[in-house]
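*Asks:* If you want my numbering, it's the position in the first sequence, counting the first as 1, plus 369. Quick reminder that beta carbons are idealized off the backbone N, C-alpha and C, glycines included. Small disclaimer: the values here were computed from a predicted structure and weren't measured. Take a look at the following structure, please.
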Amino acid sequence: MGRQPCCDKVGLKRGPWTIEEDHKLMNFILNNGIHCWRTVPKLAGLLRCGKSCRLRWINYLRPDLKRGAFTEMEENQIIQLHSRLGNRWSKIASHFPGRTDNEIKNHWNTRIKKKLKQLGLDPITHQPITEEDHCKNGDEVDQTNSFKEEEGVLSKVKPRDTQEQREQPELKFEEATDFLLNYELLLCGNLDEGVRGPNQEPDRSILQSSNTISIEDSSQNQSNSNGESNCSSSSLQEHNNGGGVQQWVDRVDSMLSWDGFDFLEQELFLFEDRF
DNA sequence: AACGGTCGCAACCGCACACGG
DNA sequence: GCCGTGTGCGGTTGCGACCGT
């Protein structure tokens, strides 16, 4: 016999969240914190299951979320961490304060995977794709390696240009070389520490070389296995130093564009005062 | 303008794990 | 040690936006 579902789904709403639902959830959590996700929707007056509320909070409403495109530095770090950790997205995400595992996973699947394939690297093993793989994997790999035939340009025929690709229409040979050099350096770090095994401390030097994160930062964020509230508060404390909560309020305000947002803003300022 | 194909992201699903009684 | 419950995680899907024909 299997587990009971997290909630009885009869009468529960599914699909995209409305602004009103976001409002209710955020308002509830800011006022009451998170004790038990199962009770959250009931108490917040939502027709959602607790799991759905949790996901919405973590992936979208959390105040410490960092939105916007991934930087090249972040991408490189993701690749490096993925080569060491595999598809353990939550572990990878823990190195990127403000980024969610879902976000990183999506970014990996939609962008980085392609980027690696374009460069002739297997996104799973992080090794160069061999001729055998070529034959084994058929079309998929075939596409990824076709850049070899092209003269000085590593772009391959794409079904259509994405926004990113429009900004960077082609991956030039020099850029690709830089990327590969970068990549090698990153992986060299991995190889050196390969003997340490996956569960041991990551290479601090590599991570600290980044301007954006450090082990200390991420460990602070992870310090409480309980997760959410602690993570939020520590980040909020950081944000608070530079008026971050105000920035978040501005961001959420513009993002959600509620007519009746004043009420929530008051709540948020109260929230800010607590930190 | 209409249509079909592709992409990217948000959300869902189901399993695994942790924890308390 | 077993069982029930809550939560976390990774894989997958649905759907709107965008683009080419």
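Rounding to the nearest angstrom, what Cα-Cα distance links residue 510 and residue 492 in this structure?
*Replies:* Stepping through the first sequence from its first residue, residue 510 is reached at position 141. Stepping through the first sequence from its first residue, residue 492 is reached at position 123. Summary for residue 510: the model assigns pLDDT 38, below 50, so the residue's position carries little reliability, and this model does not support an answer.
*Asks:* Tell me whether residue 436 is buried or exposed, calling it buried when 16 or more other Cβ atoms sit within 10 Å of its Cβ.
*Replies:* Here residue 436 refers to the residue found at position 67 of the first sequence. Residue 436 comes out exposed.
*Asks:* Please return the same chain residues whose Cβ sits closer than 6 Å to the Cβ of residue 471, not counting the five positions on each side in sequence.
*Replies:* The residue you call residue 471 lines up with position 102 of the first sequence. 428.
*Asks:* For my contact list, residue 393 and residue 406 are in at a C-beta cut-off of 8 Å; report their separation, rounded to the angstrom.
*Replies:* The residue given as residue 393 occupies position 24 in the first sequence. The residue given as residue 406 occupies position 37 in the first sequence. 15 Å between Cβ atoms; not a contact.
*Asks:* Going by Cα to Cα distance, which pick from 494, 408, 430, 402 is closest to residue 387?
*Replies:* Looking up residue 387 in the first sequence gives position 18. Cα-wise, what sits closest to residue 387 is 430.
*Asks:* Under the three-state reduction of DSSP, which class applies to residue 488: helix, strand or coil?
*Replies:* Looking up residue 488 in the first sequence gives position 119. Of the three classes helix, strand and coil, the one that applies to residue 488 here is coil, per DSSP.
*Asks:* Counting pairs of Cβ atoms below 8 Å between the stretch 396 to 412 and the stretch 439 to 459, do you hit three or more?
*Replies:* Flag = no, the stretch 396 to 412 and the stretch 439 to 459 do not touch.
*Asks:* Note the first and the last residue of the continuous alpha helix (DSSP H) segment covering residue 419.
*Replies:* If you number the first sequence from 1, residue 419 lands on position 50. Where residue 419 is concerned, the enclosing alpha helix (DSSP H) stretches over 419 to 425.
*Asks:* Buried or exposed, going by whether 16 or more other CB atoms sit within 10 Å of the CB of residue 487?
*Replies:* On the first sequence, position 118 is the one that residue 487 refers to. Buried, by the Cβ-count rule.
*Asks:* Go ahead and label residue 446 buried or exposed: buried means 16 or more other beta carbons lie within 10 angstroms of its beta carbon, across all protein chains shown.
*Replies:* In the first sequence, residue 446 corresponds to position 77, counting from 1. By the 10 Å Cβ count, residue 446 comes out buried.
*Asks:* Pop quiz: residue 381 and residue 416 are said to be a contact at Cβ under 8 Å. What is the actual Cβ separation, rounded to whole angstroms?
*Replies:* Here residue 381 corresponds to residue number 12 of the first sequence, with the count starting at 1. Here residue 416 corresponds to residue number 47 of the first sequence, with the count starting at 1. About 6 Å; that satisfies the 8 Å criterion.
*Asks:* So is residue 404 buried or exposed if we call it buried at 16+ other beta carbons inside 10 Å?
*Replies:* Translated into the one-based positions of the first sequence, residue 404 becomes position 35. Its Cβ having fewer than 16 others within 10 Å, residue 404 is exposed.
*Asks:* Which residues does DSSP pair with residue 497 in a beta bridge?
*Replies:* Taking the first residue of the first sequence as 1, we reach residue 497 at position 128. Partner(s): 490.
*Asks:* Under 8 Å by Cβ, that's how I've got residue 474 and residue 458 pegged, so tell me the actual separation to the nearest angstrom.
*Replies:* Position 105 of the first sequence, counted from the start, is the residue given in the question as residue 474. Position 89 of the first sequence, counted from the start, is the residue given in the question as residue 458. Going by Cβ atoms, the distance from residue 474 to residue 458 rounds to 4 Å, so yes, they are a contact pair.
*Asks:* Output the distance between the C-alpha atoms of residue 460 and residue 414, rounded to the nearest integer angstrom.
*Replies:* Counting from 1 along the first sequence, the entry for residue 460 is found at position 91. Counting from 1 along the first sequence, the entry for residue 414 is found at position 45. So the alpha carbons of these two residues sit roughly 33 Å apart.
*Asks:* Excluding five sequence neighbours on each side, which residues of the same chain lie with their C-beta closer than 6 Å to the C-beta of residue 395?
*Replies:* Counting from one through the first sequence, the residue named residue 395 turns up at place 26. Hits under 6 Å: 430.
*Asks:* Given this structure, state the Cα-to-Cα distance separating residue 466 from residue 434, to the nearest angstrom.
*Replies:* One-based indexing of the first sequence puts residue 466 at position 97. One-based indexing of the first sequence puts residue 434 at position 65. Residue 466 and residue 434: Cα-Cα distance of roughly 8 Å.
*Asks:* Who are the near neighbours of residue 401 in its chain, counting only those whose CB is closer than 8 Å to its CB and skipping five residues on each side?
*Replies:* For the purposes of this step, residue 401 is identified with residue 32 of the first sequence, where counting begins at 1. These residues qualify, in order along the chain: 412.
*Asks:* Rounded to the nearest angstrom, what separates residue 385 and residue 426 at their Cα positions?
*Replies:* Here residue 385 refers to the residue found at position 16 when the first sequence is read from its first residue. Here residue 426 refers to the residue found at position 57 when the first sequence is read from its first residue. Near 13 Å, if we compare the C-alpha coordinates of residue 426 and residue 385.
*Asks:* Could you have a look at residue 412 and say whether DSSP puts it in helix, strand or coil?
*Replies:* Mapped onto the first sequence, residue 412 falls at position 43. Correct three-state label for residue 412: helix.
*Asks:* Can you tell me whether residue 453 is buried or exposed, with buried defined as 16 or more other CB within 10 angstroms of its CB?
*Replies:* For this step, residue 453 is matched to residue 84 along the first sequence. Counting Cβ neighbours within 10 Å, residue 453 comes out buried, since at least 16 surround it.
*Asks:* Is residue 468 helix, strand or coil by DSSP?
*Replies:* Taking the first sequence and counting its residues from 1, the one referred to as residue 468 is at position 99. Of the three classes helix, strand and coil, the one that applies to residue 468 here is coil, per DSSP.
*Asks:* Counting C-beta neighbours from all protein chains within 10 Å, is the total for residue 432 16 or more, i.e. buried, or is it exposed?
*Replies:* If you number the first sequence from 1, residue 432 lands on position 63. With 16 or more other Cβ atoms within 10 Å, it is buried.
*Asks:* Measuring alpha carbon to alpha carbon, tell me which residue in 456, 476, 462, 464 is nearest residue 495.
*Replies:* Here residue 495 corresponds to residue number 126 of the first sequence, with the count starting at 1. With distances taken between Cα atoms, residue 495 lies closest to 456.
*Asks:* Select from 398, 485, 389, 391 the residue whose C-alpha is nearest the C-alpha of residue 449.
*Replies:* Taking the first sequence and counting its residues from 1, the one referred to as residue 449 is at position 80. The residue with the shortest Cα to Cα distance from residue 449 is 485.
*Asks:* Which of the three DSSP states, helix, strand or coil, is assigned to residue 433?
*Replies:* As a first step, residue 433 is located in the first sequence; it is residue number 64 there, counting from the start. Coil at residue 433, not helix or strand.
*Asks:* Using the C-alpha atoms, what's the distance from residue 451 back to residue 418?
*Replies:* One-based indexing of the first sequence puts residue 418 at position 49. One-based indexing of the first sequence puts residue 451 at position 82. Taking the straight line joining both Cα atoms gives about 32 Å.
*Asks:* Using the Cα positions of residue 389 and residue 490, report the straight-line distance between them to the nearest angstrom.
*Replies:* Along the first sequence, one-based indexing puts residue 389 at 20. Along the first sequence, one-based indexing puts residue 490 at 121. C-alpha separation (whole angstroms): 45 Å.
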